[in-house]
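The opening residue of the sequence shown carries number 4 in the numbering used here; numbering runs sequentially from there.
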Amino acid sequence: MDTGGKIKFTSWVLIPFTRGYVHVQDKDPYFGYFAYNPRYFLNELDLLGEAAATKLVRNLSSAGDMRQYFAGEVIPGYKEVPNGSSINTWANYVKKSFRPNYHGVGTCSMMPREMGSVVDSAARVYGVQSLRVVDGSIAPTHVSSHVMTFVVL
């Protein structure tokens, strides 16, 4: 396999514990404002999981037979994260460089209201009469596959 010395690895925590939010700020259904904050890495398990995965990518790309396919590491690079760095150093790198995968779910989670949910088990929006949500946003946690796999089924 000729890679030209270049292979790109990416990693994301597929089932994060952090809970973000979307809040309607306006009554206009078409041009209204909303507040959105995914609150990435609010839960330390998500941050440490991403840090460990990023560290693992380096270890895999520089071990055994894999070395032959790499001309060297570009990102994060050994200057940014030296070999032997602690998980906290990796976590700091992740916080600075993280980019989301944009397949979010759970903005209208289906679960008990007291847990911060938006819809009940019949997809009815709490506190709003005659409104249901029937799309991928009702999943209370992420799935470890593409979002469409559970939306279509």
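Glycine is no exception: its CB is placed at the ideal position from the N, C-alpha and C atoms.
Across the structure, F73 and T13 are spaced so that their CA atoms are roughly 15 angstroms apart. In this structure, the straight-line span from the alpha carbon of S148 to that of K30 is close to 34 angstroms. Closest in C-alpha terms to G139, from the list A126, E76 and V154, comes V154. Around the C-beta of G52, 16 or more other C-beta atoms lie within 10 Å, and the residue is accordingly described as buried. Comparing C-alpha distances from A94 to each of V150, T144, I10 and D49 shows the shortest one belongs to D49.
The C-beta of P79 has 16 or more other C-beta atoms within 10 Å across all chains shown, which makes the residue buried.
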